[in-house]
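Participant: The structure that follows is given in the form of structure tokens.
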Amino acid sequence: MILYQELAKEFTHLLQSQHVPVALAFVESAPEGVKHSTTGVPSACTFWRLAENGVFYATADDHQECPIGMMTMGFTMPASAQQRAQTLVETMANVQYFSPSEVAALPVVKKPHESIVYGRLDQMPIEPDVVLNILNTEQAMLIAEALGRVNWLEGGQSAFGRPTCGVIPRTLQTDETSMSFGCVGARTYVGLTPGEVVLTIPGHRFAELVEKLRTIVAANEALAPFHQQQKARFTA
16 MILYQELAKE FTHLLQSQHV PVALAFVESA PEGVKHSTTG VPSACTFWRL AENGVFYATA
76 DDHQECPIGM MTMGFTMPAS AQQRAQTLVE TMANVQYFSP SEVAALPVVK KPHESIVYGR
136 LDQMPIEPDV VLNILNTEQA MLIAEALGRV NWLEGGQSAF GRPTCGVIPR TLQTDETSMS
196 FGCVGARTYV GLTPGEVVLT IPGHRFAELV EKLRTIVAAN EALAPFHQQQ KARFTA
């Protein structure tokens, strides 16, 4: 298992991040010693914020207040949750926010699981499937540069909107880093500021990203004095 403690610390330091990276692991049985979440939550993404404080696991029942989250996280929904999901989709369609046909295109977690282990990356007792981090736009630019996503010779940066939780199964399915601008639900429940986005990284590729990030952060620091001096030339 990769030693994520030092990698998580370096990742946070390189980005000067106010948020610690958290991890998700989709498991068929909860690991020994990991406690079950007893906190009722209004949304699946609420668990991301709770995970900044420790490690726990949550079952399908713990996600039942969030029918869209249950869907993207790959849990089987009971009839009551299916009805609430249908009602929510109809509301979204009525206000021209979301097309019902788009529901069929939503990515969902395919890995067999009964629970999700959530927790700080530096405290995870098992290998994470996905690492999730909240970034501001400056940090998001550094990540995009590290990944080569803002290279004009490549395809450019891909970012998604609603639902924000959809980037988790997308990362699992594509084995690629994903980013979401943050939907109104995530901004409400997670408390995202207007300048923050959500990043998801395949767990096994986190070390590779940190290595690339070292180079890009150093490059930005090397270029900063030129721009500061250039600006000073034109300052009255």
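Under the working numbering, think of the first position of the sequence shown as 16, with each following residue one higher.
Cβ coordinates follow ideal geometry from the N, Cα and C atoms, glycine included.
At the level of alpha carbons, what is the spacing between Pro122 and Ser193?
Facilitator: Residue 122 sits at position 107 when you count from the first residue of the sequence shown. Residue 193 sits at position 178 when you count from the first residue of the sequence shown. If you take the alpha carbons of Pro122 and Ser193, they lie about 12 Å apart.
Participant: In the DSSP assignment, what residue or residues form a beta bridge with Ser72?
Facilitator: In the sequence shown, the residue the question calls residue 72 occupies position 57. It is worth fixing the name first, because residue 72 is Tyr in this sequence and not Ser. Paired residue(s): His51 and Val132.
Participant: According to DSSP, is Asn151 helix, strand or coil?
Facilitator: Residue 151 sits at position 136 when you count from the first residue of the sequence shown. Residue state, collapsed to three classes: strand.
Participant: For the alpha helix (DSSP H) containing Leu224, list its first residue and its last residue.
Facilitator: As a first step, residue 224 must be located in the sequence shown, where it is residue number 209. Its alpha helix (DSSP H) spans residues Phe221 to Arg248.
Participant: Please name the residue, chosen from Asn151, Thr53, Phe62 and Ala159, that lies closest to Gly210 on a Cα-to-Cα basis.
Facilitator: By 1-based counting over the sequence shown, the position of residue 210 is 195. The shortest Cα separation from Gly210 among Asn151, Thr53, Phe62 and Ala159 belongs to Asn151.
Participant: Short of 8 Å in beta carbon distance, which residues of its chain neighbour Val225, apart from the five on each side in sequence? Order them along the chain.
Facilitator: Taking the sequence shown and counting its residues from 1, one reaches residue 225 at position 210. The answer, listed in chain order, is Leu22, Glu25, Phe26 and Leu29.
Participant: Quick test of the definition: if touching needs 3 or more C-beta pairs under 8 Å, does the segment 171 to 185 touch the segment 193 to 206?
Facilitator: yes
Participant: Terminal residues of the continuous beta strand (DSSP E) containing Asn211?
Facilitator: Residue 211 sits at position 196 when you count from the first residue of the sequence shown. Checking the sequence shown, residue 211 turns out to be Glu, not Asn. Per DSSP, the unbroken beta strand (DSSP E) holding Glu211 starts and ends at Glu211 to Pro217.
Participant: From Phe221 to Gly55, what does the alpha carbon distance come to, in whole angstroms?
Facilitator: Indexing the sequence shown from 1 puts residue 221 at position 206. Indexing the sequence shown from 1 puts residue 55 at position 40. Each residue's CA atom was taken as its position, placing Phe221 and Gly55 some 30 Å apart.
Participant: With a threshold of 16 other CB atoms inside 10 Å of the CB of Glu223, please say whether the residue is buried or exposed.
Facilitator: Taking the first residue of the sequence shown as 1, we reach residue 223 at position 208. Classification of Glu223: exposed, given that the 10 Å Cβ count is below 16.
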